[in-house]
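So the structure is just underneath, and the comments pick up after that.
In this note's numbering, the protein residues as written are 27 to 342.
Encoded structure:
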């Protein structure tokens, strides 16, 4: 029986266009439904592809999507932080092109039982890997202390009404545990004065983002990926990262800058003495965004930002 996995890959042609010529080895760090991988293999039919996704359902869907390429693909359910142990077993392979589409898939948002969407009634889950993760959003909301919850909302959601929202959460869970997405959405909406709610932005957006990041340790996972990339890339290879909010994009942007200019010498020195050499260059001075047509066809792509780095030397 075919796996039902509805996901539209964003910036598909842009990702393919940035691939190095004569790409032979590809690492897709976020398989999703297999869209980016399939399109890359269509362009490079002789290439081998290693793909991971922390969502087991996505791995199954990708396996079906890439069925005609079975002989040249290897797909695993794994986190970014699992890559070192995986590659040590595979003989430390190197890649020409590494791709990561950081963020929720359309499928995850569309399934109420996953608990990611504030638009549908569902349990407060938000785990990207429910088979192996134990802590849900409900666990956090009903057990974390006041300061921890405030920090989560401020640090991961940049929510300026964090204290008010957390106050409502504490009062509500004192009566009964929070269990559903609609409960939380209504609570958040009642915490923010209507006149201060941003037009076009659901009041629950930032809190749901913050909880999802906390539940899945997303920012640390992204940093783990960025630590691994220089070790896994061939000279002349490229890393393409698609992010969907400012926290992720900032991490990627800052890391690309460090790779381009890693020098830590005081600015008043006439020349570099630290010995740190540039790893390459940033190919996207500004992030690449979806076209008007793509946004019209897939509104989710509106917030997608693609950044690409070209490595001119490898790290041993």
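For every residue, glycine included, the Cβ atom is placed at its ideal position computed from N, Cα and C.
For residue i, count neighbouring Cβ atoms within 10 angstroms of its own Cβ and tell me buried if that reaches 16, exposed if not.
i           : result
residue 242 : buried
residue 331 : buried
residue 133 : buried
residue 5   : Nothing can be reported for residue 5: it is not among the residues displayed for the chain, which extend from 27 to 342.
residue 21  : Since the first residue shown for the chain is 27 and the last is 342, residue 21 is missing from the structure and cannot be characterised.
residue 222 : exposed
residue 301 : exposed
residue 125 : buried
Quick check on DSSP: helix, strand or coil for residue i?
i           : result
residue 242 : helix
residue 375 : Outside the shown range of the chain (27 to 342) lies residue 375, about which nothing can therefore be said.
residue 85  : helix
residue 279 : helix
residue 102 : strand
residue 187 : coil
residue 149 : strand
residue 42  : helix
residue 260 : strand
residue 136 : helix
residue 199 : helix
residue 306 : strand
residue 33  : coil
Taking the C-alpha atoms as reference points, what is the distance between residue i and residue j?
i           : j           : result
residue 62  : residue 34  : 10 Å
residue 90  : residue 118 : 27 Å
residue 49  : residue 120 : 12 Å
residue 123 : residue 314 : 17 Å
residue 97  : residue 45  : 21 Å
residue 53  : residue 159 : 24 Å
residue 278 : residue 286 : 12 Å
residue 168 : residue 263 : 46 Å
residue 319 : residue 127 : 20 Å
residue 252 : residue 258 : 10 Å
residue 102 : residue 79  : 7 Å
residue 225 : residue 326 : 18 Å
residue 209 : residue 304 : 50 Å
residue 41  : residue 268 : 9 Å
residue 284 : residue 297 : 18 Å
residue 174 : residue 204 : 17 Å
Quick one: residues in its chain with C-beta nearer than 8 Å to the C-beta of residue i, no 5 flanking neighbours on either side, listed in chain order?
i           : result
residue 232 : 179, 183, 184, 185
residue 260 : 51, 120, 121, 122, 337, 340
residue 307 : 286, 335, 336, 338
residue 139 : 148, 149, 151
residue 176 : 188, 189, 192
Would you mind working out which of the options sits nearest residue i, comparing C-alpha positions?
i           : options           : result
residue 353 : 92, 230, 273      : Because the chain spans 27 through 342 in this model, residue 353 falls outside it and cannot be assessed.
residue 310 : 295, 326, 333, 82 : 333
residue 75  : 66, 82, 81, 83    : 66
residue 197 : 207, 181, 216     : 216
residue 312 : 282, 325, 210     : 282
residue 60  : 83, 193, 265, 112 : 83
residue 105 : 237, 85, 280      : 85
residue 73  : 95, 131, 300      : 95
residue 58  : 38, 88, 68, 36    : 88
residue 172 : 70, 162, 323, 188 : 188
Residues in the same chain with beta-carbon distance under 7 Å from residue i, minus the five sequence neighbours each way, listed in chain order, please.
i           : result
residue 214 : 191, 229, 230, 233
residue 100 : 76
residue 239 : 182, 245
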